[in-house]
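Counting in the numbering used here, the sequence shown runs from 1 upward without gaps. Here a beta-carbon is modelled for each residue, glycine too, at the ideal position from N, C-alpha and C.
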Amino acid sequence: MQLLDIITWEPKDTEMVMTLFENYDYPQGIKVIDEWIDFTGYRMFIIYETEGEKIFAPSISPFIGLCRFETVPVMKADIYTEMAQENAEKTEKRKYGAEHGKDTSEKDLKEQIENLEKRVQHLEQHSFIQQEDVT
Numbered sequence: 001m002q003l004l005d006i007i008t009w010e011p012k013d014t015e016m017v018m019t020l021f022e023n024y025d026y027p028q029g030i031k032v033i034d035e036w037i038d039f040t041g042y043r044m045f046i047i048y049e050t051e052g053e054k055i056f057a058p059s060i061s062p063f064i065g066l067c068r069f070e071t072v073p074v075m076k077a078d079i080y081t082e083m084a085q086e087n088a089e090k091t092e093k094r095k096y097g098a099e100h101g102k103d104t105s106e107k108d109l110k111e112q113i114e115n116l117e118k119r120v121q122h123l124e125q126h127s128f129i130q131q132e133d134v135t
């Protein structure tokens, strides 16, 4: 699995963060693909491969409390497009509802919409917020 970490920190912590990264060795099981520093701000971007959360979690522990991590699973666009095309070919004549992978007929979709409309009306009738005329 490939992941992208967007790592941010406070400007006052830059020296400490850079020292940590300079002396940091990635754990076994993490293969770094590339790293970038945003020279206009206090961010770093790392793309890497790992086999799971048991490897990922300890890898960020030295930075907890100093940095914020936003971790995003990523995939090369051409591979994703190919997978999406294969899926579209398999499901060409199907329509999907709110539940992923569940075939939904037009009748079912209309029923779902009606139920949502009823729920909205119910919530509006029982709302504690009173609308005021501000004209």
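Are residue i and residue j close, meaning C-beta to C-beta below 8 Å?
{"i": "L4", "j": "V72", "result": "yes"}
{"i": "E53", "j": "K31", "result": "no"}
{"i": "F69", "j": "I60", "result": "yes"}
{"i": "Y24", "j": "P62", "result": "yes"}
Have a look at residue i and residue j and give me their C-alpha separation to the nearest angstrom.
{"i": "E51", "j": "E114", "result": "44 Å"}
{"i": "E2", "j": "T19", "result": "Going by the sequence as given, residue 2 is Gln instead of Glu. Taking the straight line from one Cα to the other gives about 26 Å."}
{"i": "Q28", "j": "M75", "result": "22 Å"}
{"i": "Q85", "j": "A77", "result": "12 Å"}
{"i": "K118", "j": "M83", "result": "38 Å"}
{"i": "E35", "j": "I46", "result": "4 Å"}
{"i": "M16", "j": "G65", "result": "12 Å"}
{"i": "K107", "j": "C67", "result": "50 Å"}
Spell out the partners DSSP gives residue i in its beta bridges.
{"i": "Y48", "result": "L3 and V32"}
{"i": "T8", "result": "R43 and R68"}
{"i": "D38", "result": "R43"}
Please classify residue i as buried or exposed, where buried requires at least 16 neighbouring CB atoms within 10 angstroms.
{"i": "I33", "result": "exposed"}
{"i": "I37", "result": "exposed"}
{"i": "Y80", "result": "exposed"}
{"i": "I7", "result": "buried"}
- Message: I'd like to know if the stretch 42–58 and the stretch 5–12 are in contact, where contact means that at least 3 CB-CB pairs between them fall below 8 Å.
- Response: yes
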